[in-house]
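Read through the structure below, which is laid out as structure tokens, and then see the notes.
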């Protein structure tokens, strides 16, 4: 909107100057004031006088209304009114046959009738030049009128208005838009500086206009969602964009197959995102276009992707019996559906994929809790997808009890704490007891806190279940204290005899060795004597 100001009543400024125009007999005409400075529509008195003494004709030429107020023999006083613009009234005389004239300068000043900041764009991109236009109507003198661009109270630029006061003038300013300009108020202010004429600086401000700026990254929204959608599943669709401004004013949404699903949008300081949870059903087309659209200001950014919908059931893995007795036959079969094929079944050598694979086995105890694994594959949009199934076989078999499960010989010290480790295995889990052959006394399995002498003996450990039974003999020897003393009494004499025998043998050996050495020395001496008694040759 334009801003107008009532015209104040301002003083009239006059400069009294006499102009002498030479003529016959030194006749001269003068006009005063020579210069006048007054508000538009004002009035001024102009005096025309002459020195002519005979045959004088005196007048005032002007385009404004004039009234002759007074006159004398050689002067006249006029009042000019409703002066609308700068002009030069002219005093003239006819002195006999000689004509002469004198002119004055009237300068009119006026405040601008209106000053307006032209409408701003709805949105201005950050980093781009923004042109602002101030429209000024009226105002004079234009040489002393300037236009000022304001952001809030901050002066951004000042330019002279120029031109003719009757012609509306548009002054343009260029600024570089920034994020800080978002929400800022811009306005235009005119300044009519009449201080050189002894008056004041008069200003008039337009109505402010608010600017909205925006900024977008060079990237497009990012889609984070799988390319393949499986029927019967819930899929999360997610789209986001970072580095935009102002994020609070942006709108982002997802569109799937031409429909806008229920979704949640979030805005942070410089990023936005949209999230949708979609239930994939049989009614979906096999290919669906997915769009992520971001709208900010008058800009639209979007990302597109084509999703593939597929139906893939897991393979059906069956065992002819999930629980069998040892030695029974079990058939293992895996079937694929929905165009998929079996690519792997544990227990079968690798082979080309087929819709069905099966085999038969004789169940043994080693097959108890054996897991059978089946995998099927489906090709979708050039990608292979896999689904698996697992089943466990349970085999019923009788108890097992061998050396590793239950040692056959045990030797314990009387009074000590021991642990009898004797555990049978089978399916179902067997029960087990260990009883002494002689009297049927029970030997506890597990921790024995204090071993007693009377526990000594041979035991029969019996494991049994609904699928059979097995026995194993266990020999337990208990070392008690009296038995230990007799052992010492027997061992000491034996050791003494052994030591005596060793010493006697050593004595005999050394004596015989000395005798042999002695005999050898005697033989050597006899040989030397015989050699000395022999005659020369």
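Numbering (mature numbering (1 follows the signal peptide of the UniProt record, and there is no 0)), first residue to last: -27 to -1, 1 to 510.
All C-beta atoms in this analysis are idealised placements derived from N, C-alpha and C, irrespective of residue type, glycine included.
(request) Could you name the residues of the same chain whose beta carbon sits closer than 6 angstroms to that of residue 268, not counting the 5 residues immediately before and after it, in chain order? (result) 224
(request) Out of 185, 374, 405, 84, state which residue places its alpha-carbon closest to the alpha-carbon of residue 57. (result) 84
(request) Would you kindly check if the distance between the Cβ of residue 315 and the Cβ of residue 345 is under 7 angstroms? (result) no
(message) Under 8 angstroms: do the region 291 to 310 and the region 360 to 374 share three or more Cβ pairs, one atom per stretch?
(response) yes
(request) Output the distance between the C-alpha atoms of residue 208 and residue 93, rounded to the nearest integer angstrom. (result) 45 angstroms
(request) Could you check if residue 109 is buried or exposed, using at least 16 other CB atoms within 10 Å of its CB as the buried criterion? (result) buried
(request) Would you check if the region 250 to 264 and the region 230 to 238 touch, i.e. whether three or more CB-CB distances between them fall below 8 angstroms? (result) yes
(message) For residue 392 and residue 384, I'd like the C-alpha separation in whole angstroms.
(response) 12 angstroms
(message) Is it the case that the region 107 to 121 contacts the region 63 to 75, given that we only count it when at least three CB pairs across the two stretches are under 8 angstroms?
(response) no
(message) Using a Cβ-Cβ cutoff of less than 6 angstroms, which residues in the same chain neighbour residue 157 once the five nearest sequence positions on both sides are dropped?
(response) 124, 184
(request) May I ask you to report which of helix, strand or coil DSSP gives residue 278? (result) strand
(request) Use the C-beta contact count for residue 163: other C-beta atoms within 10 angstroms, 16 or more gives buried, fewer gives exposed. (result) buried
(message) Here's a check: name, in chain order, each residue in its chain whose Cβ is nearer than 6 angstroms to the Cβ of residue 103, leaving out the five neighbours to either side.
(response) 97, 148, 150
(request) Name the two residues that bound the continuous beta strand (DSSP E) containing residue 521. (result) There is no way to answer for residue 521, as the model of the chain reaches only from -27 to 510.
(request) Would you be able to state if there are at least three C-beta pairs under 8 angstroms between the region 374 to 381 and the region 438 to 446? (result) yes
(request) Could you pull the start and end residues of the beta strand (DSSP E) that residue 370 belongs to? (result) 356 to 373
(message) Out of 195, 404, 213, 408, which one is the CA nearest neighbour of residue 440?
(response) 404
(message) Measuring only the C-alpha atoms, how far is residue 8 from residue 79?
(response) 6 angstroms
(message) Quick check on this structure: which residue in 238, 347, 45, 261 has the alpha carbon closest to the alpha carbon of residue 292?
(response) 347
(message) Is it buried or exposed, residue 194, if we count other Cβ atoms within 10 angstroms and call 16 or more buried?
(response) buried
(request) Within its chain, find whatever has a CB closer than 6 angstroms to the CB of residue 317; leave out the 5 residues flanking it on each side and keep chain order. (result) 348
(request) Over the uninterrupted beta strand (DSSP E) stretch that includes residue 550, give me the two end residues. (result) Given a span of -27 to 510 for the chain in the structure shown, any question on residue 550 remains unanswerable.
(message) If contacts are defined as beta-carbon pairs under 8 angstroms, then residue 382 and residue 448 qualify, I think. What distance do you get, rounded to the angstrom?
(response) 5 angstroms
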